[in-house]
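Each step along the sequence shown adds one to the number in the numbering used here, with nothing skipped, and position 79 is 79.
No residue lacks a Cβ here, since even glycine has one placed at the ideal position from N, Cα and C.
These figures come from a predicted structure and were not determined experimentally.
Heads up: the structure comes next, in structure tokens.
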Amino acid sequence: MVDFEFKENYKFEDLVEIMKILRAPGGCPWDAEQTHESIKKSFIEETYEVIEAINKNDNGLLCEELGDCLLQVVFHAEIEREKGSFDIDNVTDGICKKLIERHPHVFGDVKVSGSGDVLDNWDTIKRKSKGQKTQGSAMEKIPKELPALMRAQKIQEKARKDGFDWDDISGAYEALSCEVNELKQAAQSDDVEQIENELGDVLFSCVNIARFLNVDAEQALTVSNDKFIKRYLIVEKLAAERSINMKETSIDKLDELWKEAKEKLESN
Numbered sequence: 001m002v003d004f005e006f007k008e009n010y011k012f013e014d015l016v017e018i019m020k021i022l023r024a025p026g027g028c029p030w031d032a033e034q035t036h037e038s039i040k041k042s043f044i045e046e047t048y049e050v051i052e053a054i055n056k057n058d059n060g061l062l063c064e065e066l067g068d069c070l071l072q073v074v075f076h077a078e079i080e081r082e083k084g085s086f087d088i089d090n091v092t093d094g095i096c097k098k099l100i101e102r103h104p105h106v107f108g109d110v111k112v113s114g115s116g117d118v119l120d121n122w123d124t125i126k127r128k129s130k131g132q133k134t135q136g137s138a139m140e141k142i143p144k145e146l147p148a149l150m151r152a153q154k155i156q157e158k159a160r161k162d163g164f165d166w167d168d169i170s171g172a173y174e175a176l177s178c179e180v181n182e183l184k185q186a187a188q189s190d191d192v193e194q195i196e197n198e199l200g201d202v203l204f205s206c207v208n209i210a211r212f213l214n215v216d217a218e219q220a221l222t223v224s225n226d227k228f229i230k231r232y233l234i235v236e237k238l239a240a241e242r243s244i245n246m247k248e249t250s251i252d253k254l255d256e257l258w259k260e261a262k263e264k265l266e267s268n
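Written out as structure tokens, the structure is:
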């Protein structure tokens, strides 16, 4: 039994201490073996579970999942503390200083007229602090690990700030039409790389339209994914009720079931 004070309620510093105990000799063998690389996917999973809790509007679940995310922060910080690189206090110090620096309208004498000015100031200060002299250099710093649709939207936003953008959405629609035609032409060849490139251009153009419509492309696709699953489940149910073998029936018949499933969902 380790030397540990059990409490009715624990605070942040208790989490930090528990993590130290788990990683220390005599603690948990599994926790002690972990590295940044071995647990990095857990960070992503926990983040998405927070988003799931928000989407479900489940405050109890949100509280739990935020704790799991916080654990990941403390875990990574503890790994570095053991190396003598930095600790959780350095992490906290860094984010506090960043928030103070990037809110000069709160902690300084800068005047803003609304959230638009706040975001512009944030971007300017961020580029200066990171030595990004141009929007192009800022684009290069957008992590490639982000979901591709999200990354595309961030890239386009930075291009927009340099004036590299259509005057209105009509230009974005025309660009999408051109890219679709180029994809059709590429699809007639056997050049997989060209087809991939043209498909990527189509998706990038779709993101452009989403941006003009003030829609988050990543969220829009997530909604469509969920919508497809809901419709498909109804199609399966209808097929089963009518003794239709989905693998053997025609696509025209399946399309009829699909349209019927769509009508059922829209009527609810």
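Start-to-end residues for the alpha helix (DSSP H) that takes in L254
On the sequence shown, residue 254 is found 254 positions in, with the first residue counted as 1. Note, L254: alpha helix (DSSP H), I251 to S267.
Answer yes or no: does any C-beta atom of chain D fall closer than 9 Å to that of D162?
Protein chain content of the structure displayed is limited to a single chain, and chain D is not contained in it.
Separation of A186 from F164, as counted between CA atoms:
Taking the first residue of the sequence shown as position 1, residue 164 is located at position 164. Taking the first residue of the sequence shown as position 1, residue 186 is located at position 186. So the two alpha carbons sit approximately 27 Å from each other.
Own chain partners of L221 with C-beta closer than 7 Å, once the 5 adjacent residues on each side are dropped:
The sequence position of residue 221 within the sequence shown is 221, counting from 1. Excluding sequence neighbours, L221 sits near L149.
How many angstroms separate the CA atom of M19 from the CA atom of E78?
Within the sequence shown, numbered from 1, the residue matching residue 19 stands at position 19. Within the sequence shown, numbered from 1, the residue matching residue 78 stands at position 78. Computed Cα separation, rounded: 7 Å.
Beta-carbon spacing of P104, I125 below 9 Å:
One-based indexing of the sequence shown puts residue 104 at position 104. One-based indexing of the sequence shown puts residue 125 at position 125. Yes. Within cutoff.
Can you grab the Cα-Cα spacing for the pair Q194 / C206, in whole Å?
The count along the sequence shown starts at 1 and reaches residue 194 at position 194. The count along the sequence shown starts at 1 and reaches residue 206 at position 206. Between Q194 and C206, the C-alpha separation is close to 19 Å.
How should H36 be labelled, buried or exposed, when 16 other C-beta atoms within 10 angstroms of its C-beta is the threshold for buried?
Numbered from its first residue, the sequence shown carries residue 36 at position 36. Exposed, by the Cβ-count rule.
Span of the alpha helix (DSSP H) holding C28?
For the purposes of this step, residue 28 is identified with residue 28 of the sequence shown, where counting begins at 1. Counting along the chain, C28 falls outside any alpha helix (DSSP H), and DSSP gives it neither H nor E.
Just list the beta strand (DSSP E) runs in the stretch 110-141, keeping only unbroken ones of 3 residues or longer that don't cross its boundaries, in chain order.
none
Given D201, which residues of its chain have a CB within under 6 Å of its CB, disregarding the five upstream and five downstream residues?
Within the sequence shown, the letter at position 201 stands for residue 201. Contacts found: E179.
Ignore the nearest five residues each way along the sequence and tell me which others in R102's own chain have a CB closer than 6 Å to its CB.
Locating residue 102 in the sequence shown gives position 102, where the first residue counts as 1. Excluding residues within five positions, the ones whose Cβ falls inside 6 Å are W122 and I125.
Given V215 as reference, the closest of I169, L66 and K253 once Cα atoms are compared:
As a working mapping, residue 215 is identified with position 215 in the sequence shown. With distances taken between Cα atoms, V215 lies closest to I169.
Range covered by the alpha helix (DSSP H) that runs through V2:
Translated into the one-based positions of the sequence shown, residue 2 becomes position 2. Segment: none, V2 is in no alpha helix (DSSP H) and carries neither H nor E.
I'd like the ranges of any alpha helix (DSSP H) spanning at least 4 consecutive residues and lying wholly in the stretch 187-227.
192-212
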